[in-house]
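Q: The listed protein sequences derive, respectively, from chains E and D. Using our numbering, you'd call the opening residue of the first sequence number 1 and step up by one each time. Using our numbering, you'd call the opening residue of the second sequence number 138 and step up by one each time. Backbone N, C-alpha and C define an ideal beta-carbon position, used for all residues, glycine too. As the structure is a computational prediction, the values presented were derived from the model and not from experiment.
There are 2 protein chains.
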Amino acid sequence: MQTIEQLLESKDIRITAMRLLIYKFLAEKEIVVTLSDIENAFEKADRTTLYRTIKTFEEKDIVHQIDDGTGITKYALCEQGCSCDIKTDLHLHFHCNNCNETICLTDHKIPQIKVPDGFVSENVNLVVKGICDKCSR
Amino acid sequence: MQTIEQLLESKDIRITAMRLLIYKFLAEKEIVVTLSDIENAFEKADRTTLYRTIKTFEEKDIVHQIDDGTGITKYALCEQGCSCDIKTDLHLHFHCNNCNETICLTDHKIPQIKVPDGFVSENVNLVVKGICDKCSR
DNA sequence: AAAGTAAGTGCAATGGAAGTGCATTTGTTA
DNA sequence: TAACAAATGCACTTCCATTGCACTTACTTT
């Protein structure tokens with residue numbers, strides 16, 4: 001089990017207090033978060049810093065961006081060993097129409113999608129909307 | 138073959154010159170359009186009108202909204218007989234990373250997606266990104 | 001056909017999220 | 001410790017989505 005510090009270093013990300021805090025915040029969330037969520041959790045920090053921290057995490061492949069159809073960009077930590085640019089590793093996301101939360105269904109890989117001749121598939125975004133397990137109880 | 142007027146009436150949409158024009162504009166596009174696209178096509182009309190027309194079409198289920206991951210909301214006419222809230226009728230969209238256009242692949246239905254116990258799937262959004270047939274030639 | 005009502009349209013303004021420039025602070029390295 | 005690079009904070013900008021209000025157009029009822 002590697003520490004967060006080791007993880008960041010292995011990804012060529014400088015360690016700062018801010019980054020450790022943001023990483024921990026993301027790690028303890030099972031749901032996907034918006035920039036505003038992070039902003040609310042760290043009221044002392046500036047939005048720009050949070051924004052750029054997330055962008056850095058994204059570039060270094062420890063966070064991936066989720067587009068769940070709400071129009072607001074959301075983020076989540078990648079899984080261990082996830083390389084977000086490899087399409088076979090993509091999982092799907094579930095957006096609850098009731099509680100409005102989005103979760104990564106990391107165990108549910110996206111099936112192979114056939115596209116017409118001439119089209120080249122590079123990437124797939126799949127969001128299932130409905131009622132999540134908490135809300136359907 | 139019903140006229141546009143008949144179609145709008147059957148959907149409980151009042152007929153106006155503007156609405157007919159916008160409908161025709163959408164009908165002749167194979168690609169999905171943004172509000173700005175419509176705006177550029179109708180420079181005399183106000184953005185708000187276009188915006189609300191599209192919203193009306195959406196509510197009355199003759200237009201569906203597409204979220205192709207560009208962050209900008211796009212729209213397309215529903216297919217004949219499409220009732221956008223019925224999940225089996227959903228088709229997928231293809232976004233070209235080269236020309237930046239998004240196309241409805243109406244013939245390509247979305248496969249049945251399994252979700253974990255407790256989750257209820259109501260809707261699926263599937264966007265494939267890559268290179269379209271025009272750009273890959 | 002005229003009056004009255006409901007819906008559609010245009011203008012102006014607002015709000016929210018994403019993104020940028022620059023000065024300041026913090027951290028790393030020689 | 002000096003010098004440099006990266007990170008942070010503040011202010012500002014941009015872009016799209018959305019709303020309020022006044023005005024016009026289309027439908028309904030008599």
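(1) Give me the Cβ distance between E:His95 and E:His108, rounded to the nearest whole Å; I'm assuming they're in contact under 8 Å.
(2) Report all residues from its chain with a CB closer than 7 Å to the CB of D:Met155; omit the five preceding and five following residues, and keep chain order.
(3) Looking only at C-alpha atoms, which of E:Thr73, E:Phe119, E:Glu30, E:Leu26 sits nearest to E:Phe42?
(4) If you measure from the beta carbon of D:Glu246 to each beta carbon in chain E, is any gap under 7 Å?
(5) Where D:Leu158 and D:Ala213 are concerned, what is the direct C-alpha to C-alpha distance, given to the nearest angstrom?
(6) If we ignore side chains and look at the alpha-carbon of each, how far apart do D:Leu277 and E:Glu39 end up?
(7) So the alpha helix (DSSP H) E:Ile54 belongs to, where does it begin and stop?
(8) Please state whether DSSP places E:Ile31 in a helix, a strand or coil.
(9) Could you pull the DSSP bridge partners for D:Lys211 from this structure?
(10) What span of residues does the beta strand (DSSP E) with D:Ile240 cover, start to end?
(11) Taking the alpha carbon of D:Glu165 as the reference point, which residue from D:Glu259, D:Asn237, D:Cys215, D:Val265 has its own alpha carbon closest?
(12) When burial is assigned at 16 or more other CB atoms within 10 Å of the CB, is D:Tyr160 buried or exposed?
(13) Exposed or buried, E:Thr16, counting other C-beta atoms within 10 Å across all chains shown (16 or more means buried)?
(14) According to the Cβ coordinates, are D:Ile126 and E:Val127 closer than 7 Å?
(15) Which two residues bound the contiguous alpha helix (DSSP H) that contains E:Cys135?
(16) If the cut-off is 9 Å on Cβ atoms, which residues from the stretch 162 to 192 of chain D count as contacting chain E, listed in chain order?
(17) If you compare alpha carbons, which of D:Asn235, D:Asp254, D:His201 is closest to D:Asp270?
A: In this structure, then:
(1) Rounded, the Cβ-Cβ distance is 14 Å, inconsistent with contact.
(2) Here the set comprises Ala182, Thr186, Thr190.
(3) If we check each option's Cα against that of E:Phe42, E:Leu26 comes out closest.
(4) It is Lys, not Glu, that sits at residue 246 of chain D in the sequence shown. Not a single CB atom of chain E sits nearer than 7 Å to the CB of D:Lys246.
(5) Inter-residue distance for D:Leu158 and D:Ala213 is about 14 Å (C-alpha atoms, whole angstroms).
(6) This structure gives no information on residue 277 of chain D, because the portion of chain D shown stretches from 138 to 274.
(7) Looking at the DSSP string, the run of the alpha helix (DSSP H) that includes E:Ile54 is 47 to 59.
(8) The answer is strand: DSSP assigns E:Ile31 an E or B state.
(9) As DSSP reads the structure, D:Lys211 sits in a beta bridge with D:Thr171, D:Ile203.
(10) Under the DSSP assignment, D:Ile240 falls in the beta strand (DSSP E) whose first and last residues are 239 to 246.
(11) Considering only alpha carbons, the answer is D:Cys215.
(12) It is buried - the Cβ of D:Tyr160 has at least 16 other Cβ atoms within 10 Å.
(13) Counting of Cβ neighbours within 10 angstroms places E:Thr16 among the exposed residues, the total staying below 16.
(14) Shown here, chain D extends from 138 to 274; a query on residue 126 of chain D therefore has no answer.
(15) Per DSSP, the unbroken alpha helix (DSSP H) holding E:Cys135 starts and ends at 133 to 136.
(16) Listed by position along the chain: nothing, the set is empty.
(17) Of the listed residues, the one whose Cα sits closest to D:Asp270 is D:Asn235.
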